[in-house]
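In the working numbering, the protein residues as written are 227 to 561.
Cβ atoms here follow ideal geometry from the backbone N, Cα and C, with glycine treated the same way.
Since the model is a prediction, treat every value here as computed from it, not as a measurement.
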């Protein structure tokens with residue numbers, strides 16, 4: 227932005243204009259009015275999400291893969307995604323839940339905490355990202371990774387896991403080793419966690435801000451020690467219990483899905499620079515299902531899900547697409 231301003235100034239001066247920099251004073255009244263307007267818009271959106279229709283999993287899947295959605299569909303899908311993430315029944319997603327979600331920011335912080343508490347979830351996130359990319363068989367790049375496992379490993383390397391327990395206390399003096407460790411890995415922290423560690427920051431400030439990325443806040447008190455007061459920090463127990471309650475619900479849902487064998491798994495092998503599908507856990511038996519022709523495809527498709535006039539079709543390679551049912555014609559086997 228500063229480069230843009232400089233370029234504009236140079237351009238205007240080159241054209242013969244006189245440019246004067248004017249610094250505007252902060253208008254507190256206007257600032258307060260804008261804040262009130264933003265809060266009203268957030269509340270209005272939260273109430274709309276609460277009143278949105280409840281989607282079935284099949285309907286939500288179709289909408290999530292549709293490029294253009296009506297406003298009502300966007301609200302319904304947002305409601306479904308909030309309920310799914312927090313492990314709540316759809317009817318329990320009210321305006322308060324939507325406001326606390328803060329447009330998904332709370333979900334992002336909770337995922338950071340979940341990856342540290344349950345490291346296997348971070349690996350699963352990266353694996354699923356690679357599986358999705360592998361289905362297209364166009365190779366892999368670093369951008370295909372979510373970096374969830376990398377973030378978890380870096381936090382573990384910094385020693386943050388030791389402070390994720392209720393009753394654990396610390397002060398700046400007890401964090402000398404922690405601060406030196408973060409300074410040593412400052413470039414990696416900036417690149418992976420998007421947080422700048424500066425030498426002038428106190429150790430407690432560094433740790434507290436890294437904990438805030440995980441949705442945790444700290445409380446402090448100042449007892450007297452050896453004739454002087456020392457600021458002691460610990461996790462806010464109320465916030466910690468709220469976050470852990472959500473993570474426990476998510477854990478229970480994962481275990482239930484594993485027990486029901488509902489989580490799809492894919493196996494891929496990489497040969498040279500190109501990813502090829504070696505095997506699918508459950509191969510698609512085209513011959514056992516009603517077959518359809520879609521477009522100019524030379525192989526048949528089967529219908530997996532159907533909602534209204536939209537269907538999810540799957541081919542023998544495992545690829546799936548959302549199409550209109552009117553686009554399909556019965557498969558006759560002809561070339």
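Validate contact between the region 455–462 and the region 349–368 using beta carbons, cut 8 Å, 3 pairs: no
Residue environment, residue 306, which counts as buried when at least 16 other CB atoms sit within 10 Å: Indexing the chain shown from 1 puts residue 306 at position 80. Looking at its Cβ environment, which holds 16 or more other Cβ atoms inside 10 Å, residue 306 is buried.
Residue 440, buried or exposed, once every other Cβ within 10 Å from all chains shown has been counted against 16: Taking the chain shown and counting its residues from 1, the one referred to as residue 440 is at position 214. Buried is the call here.
4-residue-minimum alpha helix (DSSP H) runs that sit fully inside the region 395–468, ordered along the chain: 402–410, 412–419, 429–438
Neighbour-count burial assignment, residue 232, 16 or more Cβ in a 10 Å radius: Within the chain shown, residue 232 is the residue found at index 6, counting from 1. Per the 10 Å Cβ criterion, exposed.
Residue 528, buried or exposed, once every other Cβ within 10 Å from all chains shown has been counted against 16: Position 302 of the chain shown, counted from the start, is the residue given in the question as residue 528. Residue 528 should be labelled buried.
CA nearest to the CA of residue 388, picked from 339, 372, 366, 413: Numbered from its first residue, the chain shown carries residue 388 at position 162. Here the closest residue by C-alpha is 339.
Span separating the alpha-carbon of residue 401 from that of residue 479: For the purposes of this step, residue 401 is identified with residue 175 of the chain shown, where counting begins at 1. For the purposes of this step, residue 479 is identified with residue 253 of the chain shown, where counting begins at 1. Rounded to the nearest angstrom, the two C-alpha atoms are 37 Å apart.
Inter-residue spacing [alpha-carbon to alpha-carbon] between residue 513 and residue 546: Position 287 of the chain shown holds residue 513. Position 320 of the chain shown holds residue 546. Here residue 513 scores only 46 on pLDDT, less than 50, and its place in the model is too uncertain to base an answer on.
Euclidean distance between Cα positions of residue 384 and residue 345: Numbered from its first residue, the chain shown carries residue 384 at position 158. Numbered from its first residue, the chain shown carries residue 345 at position 119. Each residue's Cα considered, the two are about 15 Å apart.
Distance, residue 435 Cα to residue 429 Cα: Here residue 429 refers to the residue found at position 203 when the chain shown is read from its first residue. Here residue 435 refers to the residue found at position 209 when the chain shown is read from its first residue. Distance between the alpha carbons of residue 429 and residue 435 is about 10 Å.
Alpha-carbon spacing of residue 454 relative to residue 448, whole angstroms: Here residue 454 refers to the residue found at position 228 when the chain shown is read from its first residue. Here residue 448 refers to the residue found at position 222 when the chain shown is read from its first residue. Distance between the alpha carbons of residue 454 and residue 448 is about 9 Å.
Reference residue 342; option with closest CA among 465, 235, 437, 534: Along the chain shown, read from residue 1 onward, the residue named residue 342 stands at position 116. Nearest of 465, 235, 437, 534 to residue 342, Cα basis: 437.
Where residue 403 falls, given that 16 or more other Cβ within 10 Å makes a residue buried: Position 177 of the chain shown, counted from the first residue, corresponds to residue 403. That one is exposed.
Counterpart residues of residue 176 in DSSP-defined beta bridges: Residue 176 cannot be examined here, being either before or after the span of the chain that is shown, 227 to 561.
Cα-Cα separation, residue 275 to residue 351: Locating residue 275 in the chain shown gives position 49, counting from the first residue. Locating residue 351 in the chain shown gives position 125, counting from the first residue. Cα-Cα distance, rounded: 27 Å.
Residue 548 and residue 291 closer than 7 Å at C-beta: Residue 548 sits at position 322 when you count from the first residue of the chain shown. Residue 291 sits at position 65 when you count from the first residue of the chain shown. Going by C-beta atoms, residue 548 is nearer than 7 Å to residue 291.
The region 272–287 in contact with the region 316–325 per 3-pair CB rule at 8 Å: yes
Local conformation of residue 319 per DSSP, three classes: Here residue 319 refers to the residue found at position 93 of the chain shown. Of the three classes helix, strand and coil, the one that applies to residue 319 here is coil, per DSSP.
According to DSSP, residues forming a beta bridge with residue 529: As a working mapping, residue 529 is identified with position 303 in the chain shown. DSSP lists 539 as partners of residue 529.
Same chain, Cβ closer than 6 Å to residue 476, five either side skipped, listed in chain order: Translated into the one-based positions of the chain shown, residue 476 becomes position 250. Here the set comprises 313.
Whether residue 248 touches residue 235 by CB criterion (7 Å): Translated into the one-based positions of the chain shown, residue 248 becomes position 22. Translated into the one-based positions of the chain shown, residue 235 becomes position 9. No, Cβ-Cβ distance for residue 248 and residue 235 is not below 7 Å.
Close-in-space but distant-in-sequence residues of the same chain around residue 285 (CB under 6 Å, 5 per side omitted): Within the chain shown, the letter at position 59 stands for residue 285. Correct list, in chain order: 533.
Top-ranked residue by Cα proximity to residue 551, from 325, 531, 391: The sequence position of residue 551 within the chain shown is 325, counting from 1. When only C-alpha atoms are compared, the closest one is 531.
Straight-line Cα distance separating residue 229 from residue 557: Here residue 557 corresponds to residue number 331 of the chain shown, with the count starting at 1. Here residue 229 corresponds to residue number 3 of the chain shown, with the count starting at 1. Residue 557 and residue 229: Cα-Cα distance of roughly 60 Å.
Nearest-angstrom Cβ-Cβ length linking residue 378 and residue 412, presumed shorter than 8 Å: To locate residue 378, count along the chain shown from 1; it is residue 152. To locate residue 412, count along the chain shown from 1; it is residue 186. That belief does not hold up - the Cβ atoms of residue 378 and residue 412 are roughly 19 Å apart, past 8 Å.
Inter-residue Cα distance where the pair is residue 360 and residue 524: Mapped onto the chain shown, residue 360 falls at position 134. Mapped onto the chain shown, residue 524 falls at position 298. Whole-angstrom Cα-Cα distance: 22 Å.
Residue 459 beta carbon near the ligand ADP (any heavy atom closer than 6 Å): The model depicted lacks the ligand ADP and carries no ligand whatsoever.
Own chain, CB closer than 8 Å to residue 380, minus 5 neighbours either side, in chain order: Taking the chain shown and counting its residues from 1, the one referred to as residue 380 is at position 154. Only 411, 414, 415, 418, 419 meet the Cβ criterion.
Residue burial classification, residue 304 (beta-carbon count within 10 angstroms, cutoff 16): If you number the chain shown from 1, residue 304 lands on position 78. Buried: at least 16 other Cβ atoms inside 10 Å.
Exposure label - residue 251; buried when at least 16 CB within 10 Å: Working through the chain shown from its first residue, we reach residue 251 at position 25. Classification of residue 251: exposed, given that the 10 Å Cβ count is below 16.
Euclidean distance between Cα positions of residue 294 and residue 535: For the purposes of this step, residue 294 is taken as the residue at position 68 of the chain shown. For the purposes of this step, residue 535 is taken as the residue at position 309 of the chain shown. One C-alpha to the other measures close to 16 Å.
Top-ranked residue by Cα proximity to residue 469, from 311, 287, 362, 266: Taking the chain shown and counting its residues from 1, the one referred to as residue 469 is at position 243. For the residues 311, 287, 362, 266, the minimum Cα distance to residue 469 belongs to 311.
Residue 341 - DSSP class collapsed to helix/strand/coil: Taking the first residue of the chain shown as position 1, residue 341 is located at position 115. It is helical.
Top-ranked residue by Cα proximity to residue 180, from 538, 471, 521, 287: Only positions 227 to 561 of the chain appear in the structure, and residue 180 is not among them; the question remains open.
For residue 321 and residue 327, the rounded distance between their alpha carbons: As a first step, residue 327 is located in the chain shown; it is residue number 101 there, counting from the start. As a first step, residue 321 is located in the chain shown; it is residue number 95 there, counting from the start. Going from the Cα of residue 327 to the Cα of residue 321 covers about 10 Å.
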